[in-house]
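If you're matching them up, the sequences are chains A and B in order.
Taken in order, the first sequence gives residues 7 to 186; the numbers are from this note's numbering.
Taken in order, the second sequence gives residues 2 to 162; the numbers are from this note's numbering.
Heads up, the beta-carbon is just placed ideally off N, CA and C, and yes, glycines get one too.
A quick note: this is a predicted structure, and the numbers were derived from the prediction, not measured.
These notes are about the structure you will find just below.
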Amino acid sequence: MNLLGLLFLAVSFATTALVSFGGILVMVPEIHRISVDVYHWATDAEFASAFAVSQMAPGPNIMLMSLIGWRGFGVPGLLVATFAVILPPGILAIIAGRMEVRFSKSAFFNLVRMSLPPIVIGLMMASALITGKIAVDGLIGVFIAAGVAIFVALTKQNPLIPIVLSIVVGVIAGRLGYLG
Amino acid sequence: MIGFGGIANALFHVVVDKRKWLTAEEYTMTFGLAQILPGASPINTSIMIADRFQGLRGIVCAIGGLLCVPLISLIALALIYDQFADVPEVRYGTIASVAAAAGLSFGVALKASFRVLRTLPAILFAVASFGAIGILRLPMIPTMIALMIVALTFSYMRRET
Numbered sequence: 007m008n009l010l011g012l013l014f015l016a017v018s019f020a021t022t023a024l025v026s027f028g029g030i031l032v033m034v035p036e037i038h039r040i041s042v043d044v045y046h047w048a049t050d051a052e053f054a055s056a057f058a059v060s061q062m063a064p065g066p067n068i069m070l071m072s073l074i075g076w077r078g079f080g081v082p083g084l085l086v087a088t089f090a091v092i093l094p095p096g097i098l099a100i101i102a103g104r105m106e107v108r109f110s111k112s113a114f115f116n117l118v119r120m121s122l123p124p125i126v127i128g129l130m131m132a133s134a135l136i137t138g139k140i141a142v143d144g145l146i147g148v149f150i151a152a153g154v155a156i157f158v159a160l161t162k163q164n165p166l167i168p169i170v171l172s173i174v175v176g177v178i179a180g181r182l183g184y185l186g
Numbered sequence: 002m003i004g005f006g007g008i009a010n011a012l013f014h015v016v017v018d019k020r021k022w023l024t025a026e027e028y029t030m031t032f033g034l035a036q037i038l039p040g041a042s043p044i045n046t047s048i049m050i051a052d053r054f055q056g057l058r059g060i061v062c063a064i065g066g067l068l069c070v071p072l073i074s075l076i077a078l079a080l081i082y083d084q085f086a087d088v089p090e091v092r093y094g095t096i097a098s099v100a101a102a103a104g105l106s107f108g109v110a111l112k113a114s115f116r117v118l119r120t121l122p123a124i125l126f127a128v129a130s131f132g133a134i135g136i137l138r139l140p141m142i143p144t145m146i147a148l149m150i151v152a153l154t155f156s157y158m159r160r161e162t
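Right, here's the structure in full:
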């Protein structure tokens, strides 16, 4: 078994998870860079399908990383990737949770709370761009992405509605020959 | 387990409405803390709640419970997907759903930016992190550390004056 590869997987995913302020989606560009560009655990197309499957499957978003681990190294990769993403931030969460009261009143906590949001917004936009670049080909893709973005930005409805609608539009557009 | 497209909403329902482990305020506070920490907020929230009530054993159960069924169904779905990946409809659906996910990320960021990006420095920090990660494709870890240091120093200095 490729132990060295598994080690790279564990270390790169764990360290990325430690700076993933703003949630799992902000990790997408970095996970793509690591697993497609640097180590070639997956191709662009495999990354896109892993992303789609992890979004469609019920459960937390970290399952994208689980799937990349699985593609690269089978079941050991699946487990290593999953725990690499969960454990380092989880340990931080335990520490922070135990000193919640003291922590949430500290000046440092307030500084972080003030400084982080703009950076996270930039990361989310970067994540959208990288995801978009993988999937969006042609006008229909841009149309779908823009439609969902506008729906989510302007309403408080469940995003599942536009996503299901997008898939219907995609299949119809594909049938009519407007999609890759 | 039933958390399609992320589990945040389902988690609130179970912890607050159904089991009444926490009040809505307590949950919101814990979730708020989890959002500032790195990692998946719902998972971090579950870990903190489990730790408060059951300690280490609770954490193990929480992680196991959150992941076991989803991971199995994930692999099942991935295997089924591989079987049908060549069917045009599946390919179209995949392209559409990834495009929709890109739109979703963008929409969430856009919504938050109405609220957050009201000052020039905030806009500059957002542009900097977007440019570094999205356009230049710089490695995330050094980029984030550098951005955090600059942003924290900046807010600190502004507080002083």
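Cα separation between A:N116 and A:P94?
-> If I take the Cα positions, the gap works out to 23 Å.
Exercise for review: In the DSSP assignment, find the alpha helix (DSSP H) that holds A:H38 and state where it starts and stops.
Suggested key: A:H38 -> alpha helix (DSSP H) spans V34 to H38.
- request: Could you work out which residue in A:V148, A:F157, A:L122 and A:L160 is closest to B:L34 when comparing CA atoms only?
  value: Looking at A:V148, A:F157, A:L122 and A:L160, the one whose alpha-carbon comes closest to that of B:L34 is A:L122.
Check your understanding: Is it buried or exposed for B:F107, if we count other Cβ within 10 angstroms and need 16 for buried?
Key -> Burial check for B:F107: the Cβ neighbour count within 10 Å reaches 16 or more, so the residue is buried.
Problem - Close Cβ partners of B:F85 (< 8 Å) along its chain, the five nearest in sequence each way excluded - result: Same-chain partners within the cutoff: V91.
*Whole angstroms is fine: what's the gap from B:I37's alpha carbon to A:R119's?*
Using only the alpha carbons, I get a separation of about 7 Å.
Interface positions of the segment 55-71 of chain A facing chain B (Cβ-Cβ less than 9 Å), listed along the chain
For the segment 55-71 of chain A, the beta-carbon criterion of a distance under 9 Å to any beta-carbon of chain B is satisfied by S55, A56, F57, A58, V59, S60, Q61, M62, A63, P64, G65, P66, N67, I68 and M69.
Per DSSP, what kind of secondary structure is A:P66 in: helix, strand or coil? Coil at A:P66, not helix or strand.
Determine, using beta carbons only, whether B:F131 comes closer than 8 Å to chain A.
-> Interface residue, yes.
**Message:** With a threshold of 8 Å between beta carbons, is B:I142 in contact with chain A?
**Reply:** It does: the Cβ of B:I142 has a partner Cβ on chain A nearer than 8 Å.
DSSP state of A:P165 mapped onto helix, strand, coil | When secondary structure is reduced to three states using DSSP, A:P165 falls in the coil class, being assigned neither helix nor strand.
Looking only at its own chain, which residues have a Cβ that is under 8 Å from the Cβ of B:I48, when we skip the five neighbours before and after it? Excluding five sequence positions before and after B:I48, the CB atoms of its chain that fall closer than 8 Å to its own CB belong to I60, A63 and I64, given in chain order.
(request) Between the Cα of B:L121 and those of B:F13, B:A152, B:A101 and B:S98, spot the shortest distance and give me the residue it belongs to. (result) Proximity to B:L121 across B:F13, B:A152, B:A101 and B:S98 peaks at B:A152, based on C-alpha coordinates.
### Message
Suppose contacts are defined by Cβ-Cβ distances below 8 Å. Is A:V25 in contact with B:I134 by that definition?
### Response
Note that the C-beta distance between A:V25 and B:I134 is not below 8 Å.
TODO: Verify the CB distance criterion: does A:S112 have a CB-CB separation below 8 Å to chain B?
DONE: Chain B contact via Cβ: absent.
Exercise for the section: May I ask you to report which of helix, strand or coil DSSP gives B:P140? Expected result: In the structure shown, B:P140 sits in coil (DSSP, three-state: anything other than H, G, I, E or B).
### Task
Count the C-beta pairs between the segment 64-78 of chain B and the segment 60-77 of chain A that are closer than 8 Å, then say yes if the count reaches three, no if not.
Contact between the segment 64-78 of chain B and the segment 60-77 of chain A is present, because at least three Cβ pairs lie under 8 Å.
**Prompt:** What residues of chain B sit near A:V86, judged by a beta carbon separation below 9 Å?
**Reply:** Residues of chain B passing the Cβ test: none, with the nearest at roughly 13 Å.
Open item on the list: Please classify B:P43 as buried or exposed, where buried requires at least 16 other C-beta atoms within 10 Å of its C-beta.
Closed with: Burial of B:P43 is indicated by the presence of at least 16 other C-beta atoms within 10 angstroms of its C-beta.
Under 8 Å between C-beta atoms of A:S172 and A:V154: Going by C-beta atoms, A:S172 is nearer than 8 Å to A:V154.
In chain A, what lies closer than 8 Å to B:R1 by C-beta?
-> The first residue shown for chain B is 2 and the last is 162, placing residue 1 of chain B beyond what the model contains.
message = In the DSSP output, which residue or residues are listed as bridge partners for A:F27?
response = Answer is B:P39.
Q: With 8 Å as the threshold, decide whether the Cβ of B:G108 is near any Cβ in chain A.
A: Yes, because at least one Cβ of chain A sits closer than 8 Å to the Cβ of B:G108.
* Asked: In or out: B:I3 buried (at least 16 other Cβ within 10 Å) or exposed?
  -> At B:I3, the pLDDT of 41 sits below 50, so the modelled position is not reliable; the number obtained from the coordinates is stated separately. By the neighbour-count rule (16 or more Cβ atoms within 10 Å), B:I3 is not buried but exposed.
**Prompt:** For B:R20 and chain A, any beta-carbon pair shorter than 8 Å?
**Reply:** Chain A, which has no Cβ nearer than 8 Å to the Cβ of B:R20, makes this no.
Requested in this report: Give the secondary structure of B:R45 by DSSP, where H, G and I count as helix, E and B as strand, and everything else as coil.
Outcome: Reading off the sequence, residue 45 of chain B comes out as Asn, not Arg. Residue state, collapsed to three classes: helix.
ask   = Using the C-alpha atoms, what's the distance from A:L135 back to B:G6?
value = For B:G6, the predicted model reports a pLDDT of 42, less than 50, meaning its position is unreliable and no value from the coordinates is stated.
Quick check on B:S165: does DSSP put it in helix, strand or coil?
An answer regarding residue 165 of chain B cannot be provided, because it is not within the stretch 2 to 162 covered by chain B.
> For chain A, is any of its Cβ atoms less than 8 Å away from the one on B:V61?
Replying inline: B:V61 does not count as touching chain A.
> Does the Cβ-Cβ distance between A:G176 and B:G94 come in under 8 Å?
Replying inline: Pairing A:G176 with B:G94 gives a Cβ-Cβ distance under 8 Å.
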